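Note that this note's numbering gives residue 431 to position 431 of the sequence shown, counting from 1, and the numbers run on in steps of one.
Think of the CB as a built atom: it goes at the ideal place given N, C-alpha and C, for glycine as much as any other residue.
Predicted model, so just to flag it, every value in this text is computed and none were measured.
See below for the structure under consideration.
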Amino acid sequence: MFKGKKQKTIVTSLIVGISLTLTACEWAEDLLDEVSDSTSSTGYYQFVNLVPQSPIIEFLVDDQSIAELAFGDASTIESVAKDSYDLGFNQILPNSSNDEFTSNDGVSVSNDIISTYIIYGDTDVPSSLTLTTDISELFDEDFDENYDAIIQFIHLSNSAFDIDVYWLNEGEDLLNKVADHTLSYENSSDEVEIQSGIYKLVLTESGTDNIIASSDSITVSTGDAQIFALTNYLTAGSDDPVYSIINIETDSARELTNEAQAAKIRFSHGISAPDYSDIFLDIYLTDPDIDNEANLIANTLEFGALSNLVDIEIENVDTSDTRSFYIMDSIKEEKIDTFSVDLQPSSRMLILTSGDTSSSITVNDYEEELRIIDTHAKVLISHSIDDIKSDAIDVLIINDGSNPDTYSAQIELSYMGNADYELESGDYDVYIYNASTGELIIETSLRGIEKGEVVNLIATDYTYGGTPYQLHTYYNE
1 MFKGKKQKTI
11 VTSLIVGISL
21 TLTACEWAED
31 LLDEVSDSTS
41 STGYYQFVNL
51 VPQSPIIEFL
61 VDDQSIAELA
71 FGDASTIESV
81 AKDSYDLGFN
91 QILPNSSNDE
101 FTSNDGVSVS
111 NDIISTYIIY
121 GDTDVPSSLT
131 LTTDISELFD
141 EDFDENYDAI
151 IQFIHLSNSA
161 FDIDVYWLNE
171 GEDLLNKVAD
181 HTLSYENSSD
191 EVEIQSGIYK
201 LVLTESGTDN
211 IIASSDSITV
221 STGDAQIFAL
231 TNYLTAGSDD
241 PVYSIINIET
251 DSARELTNEA
261 QAAKIRFSHG
271 ISAPDYSDIF
281 LDIYLTDPDI
291 DNEANLIANT
301 LEFGALSNLV
311 DIEIENVDTS
321 DTRSFYIMDS
331 IKEEKIDTFS
341 VDLQPSSRML
351 ILTSGDTSSS
361 ITVNDYEEEL
371 RIIDTHAKVL
381 ISHSIDDIKS
391 DAIDVLIIND
401 GSNPDTYSAQ
411 IELSYMGNAD
421 YELESGDYDV
431 YIYNASTGEL
441 IIETSLRGIE
451 KGEVVNLIAT
461 DYTYGGTPYQ
471 LHTYYNE
């Protein structure tokens, strides 16, 4: 619930940037008429979800639903009458909605003011912050129009100390640069008037050159008003917070690529025949005078298992790094396969392997959604059954003891495909069918699923190929 929720209002004067951006919206003509009318009694509001471990949150205004926002999402600015509005919030859970997740909070809308209401912080007791933006001087003949856009910065990462903000030209580094702003937690900068162009944002731990987050090639167009919020969230399988820059615009928000963070990668061993495999990065060296351990990133990985996450620093952050990997039979010390993967900064990749050493090997990589959700669990399901690679599989997950004949599968996966599925705490039965024939090929159970868990389910052949097929369960800790 929003019990004891903290609220903060920050008044700014983001005048021309937001106003001109709004001209691209469908209701822009009405907005311009209202702003130019001195008797206007209209204002505007927008809502942003920056609660990092939250589920989707439904925003209600005067008991009417206006948006369902996942973490990092924002609603479109809406024109409303000058007034105070009561707010409510529901957490959207997999099997229900938490209707008690409400508060007596509100937002006030003033004449020719845009109120951007942001929730952030703890999942159960979030804080709120309102940015108010004055657009009343948009058509003032004396208004200074020597700039094209306005930007602003907010520090909402509870894992970071004070931060220094550097706003640079595209491709620049920090050499001989002085910070534009220093921000403590829950504080924002004043508005910054800039020319349109392509820029780079760097955030460091204040007083140091330790870069927390960085994103290059940020396009700012004429008429833009952009807000950059630093936040962080936790992912399964790692103790390190993921620092994220959320770019809030007048009709949406998006997470920028954090070029300061390494890529994280792990592997599943689904290749029949070798009981154990080794994974080497870039090259497998046979010279006895060279230590192969420097390149070994997964050692004696058992069939059906997942390796630990490995950090890989990205050198070419603009176009990604292409890295080569070698799969070796741990027992025979023979190379099984070689493949390459394009890695982006801050990505979290799972390399899914399948096949048989006597025939062919298949490798697929995809980015895993490992963000922890405090209110419920998440399963990440993969199909790497080589024996039926021409067929998709249907996956049915139901409460323990339920009759599977009365339900339809929630997920269909093609070979080497993957999907996420969210579920609440409890006990579940899992049924997997051949989508082409309807044949039940795997039946298993998940017991004691708890809030905040992220569980991988990987369907494979038998250890030595073919049936009986297996579903490997991996609890990320």
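Give the range of the beta strand (DSSP E) segment to which Thr76 is assigned.
Looking at the DSSP string, Thr76 is not in any beta strand (DSSP E), and its letter there is neither H nor E.
So Ile201 is in the beta strand (DSSP E); what residue range does that whole segment cover?
The residue asked about is misnamed: residue 201 is Leu in this sequence, not Ile. From DSSP, the beta strand (DSSP E) with Leu201 extends over 197–205.
Which ranges would you report for the beta strand (DSSP E) in the region 374–450 if only whole runs of at least 3 residues count?
Counting whole runs of 3 or more residues, the region 374–450 contains the beta strand (DSSP E) stretches 377–384, 393–399, 411–413, 418–423, 426–434, 440–449.
Here's the rule I'm using: 16 or more other beta-carbon atoms within 10 Å means buried, otherwise exposed. How should Asp514 be labelled?
Residue 514 is absent from the model: the chain starts at 1 and stops at 477.
For the region 410–421 against the region 344–363, do three or more pairs of beta-carbon atoms, one drawn from each stretch, fall closer than 8 Å, so that the two count as touching?
Verdict: yes, contact present.
Taking only three categories from DSSP, how would you classify Cys25?
Legend: pLDDT at Cys25 = 42, less than 50; position of this residue unreliable, value from coordinates given subsequently. Three-state DSSP puts Cys25 in coil, outside helix and strand.
Residues in its own chain within less than 6 Å of Leu32 by CB, not counting five upstream and five downstream?
Unreliable positioning characterises Leu32 in this predicted model, as indicated by a pLDDT of 47, which lies under 50. The coordinate reading is nonetheless provided below. So the list is empty, once near-sequence residues are dropped.
Beta strand (DSSP E) containing Ile56: first to last residue?
Per DSSP, Ile56 belongs to the beta strand (DSSP E) from 56–61.
When burial is assigned at 16 or more other CB atoms within 10 Å of the CB, is Ser75 buried or exposed?
Flag for Ser75 reads buried.
Sort Ser436, Glu453, Ala459, Gly452 by Cα distance to Ile442 and report the nearest one.
Selected option, being the one with the closest Cα: Ala459.
Any idea if Leu22 is buried or exposed, counting beta-carbon neighbours within 10 angstroms, 16 or more meaning buried?
Confidence at Leu22 is low in this model, with a pLDDT of 43, below 50, so its placement is unreliable and no value can be given for it.
How big is the Cα-Cα spacing for Ala24 and Ile279?
Low local confidence applies: a pLDDT of 39 at Ala24 is under 50, so the model's placement there is unreliable, with the coordinate-based value given in what follows. Each residue's alpha carbon lies about 51 Å from the other.
Taking the alpha-carbon of Gly448 as reference, which of Asp427, Leu440, Gly465, Tyr433 has the nearest alpha-carbon?
With distances taken between Cα atoms, Gly448 lies closest to Asp427.
Quick check: what's the CA-CA separation for Lys264 versus Asp134?
C-alpha separation (whole angstroms): 43 Å.
Tell me, please, which residues DSSP counts as bridged to Lys335.
In the DSSP output, where bridge partners are listed per residue, Lys335 has Met328.
Output needed for Glu170: all residues of its chain with C-beta closer than 7 Å, excluding positions within five of it in sequence on either side, in chain order.
If we look at Glu170 and ignore the five residues flanking it on each side, its Cβ neighbours are Ile198, Tyr199, Lys200, Asp216, Ser217.
At a cut of 8 Å, does the region 354–372 reach the region 397–410 through at least three beta carbon pairs?
No, the region 354–372 is not in contact with the region 397–410.
Where DSSP assigns a beta bridge to Ser65, which residues make up the other side?
Answer by DSSP bridge pairing, in chain order: Leu60.
Note the first and the last residue of the continuous beta strand (DSSP E) segment covering Ser184.
Careful: Ser184 lies outside any beta strand (DSSP E) and carries neither H nor E.
Does the region 308–326 come into contact with the region 336–343, if we say contact requires no fewer than three beta-carbon pairs (one atom in each stretch) closer than 8 Å?
Taking 8 Å as the limit for Cβ pairs, the verdict is that the region 336–343 does touch the region 308–326.
Indicate whether Asp251 and Ile66 have their beta-carbon atoms separated by less than 9 Å.
No, they are not a contact pair.
Taking the CB atoms as reference points, tell me whether Ser108 and Ile119 lie closer together than 9 Å.
Contact: no.
From Tyr147 to Ile113, what distance separates their C-alpha atoms?
Roughly 21 Å separates the two Cα atoms.
What residues are listed by DSSP as bridge partners for Ser221?
BP columns for Ser221 are empty, so no partner.
Based on the DSSP output, what are the partners of Glu302 in its beta bridges?
Looking at the DSSP assignment, Glu302 forms a beta bridge with Tyr276.
With DSSP run on the structure shown, which of helix, strand or coil describes Ser358?
Coil, per DSSP.
Is Leu156 helix, strand or coil when you go by DSSP?
DSSP places Leu156 in coil when its eight states are reduced to three.
Below 8 Å, is the gap between the Cβ of Ile297 and the nearest heavy atom of the ligand MN?
Because no ligand of any kind appears in the structure shown, any question about the ligand MN cannot be addressed here.
For Ile151, which of Leu423, Asp190, Asn258 has the nearest alpha-carbon?
Closest option to Ile151, Cα to Cα, is Asp190.
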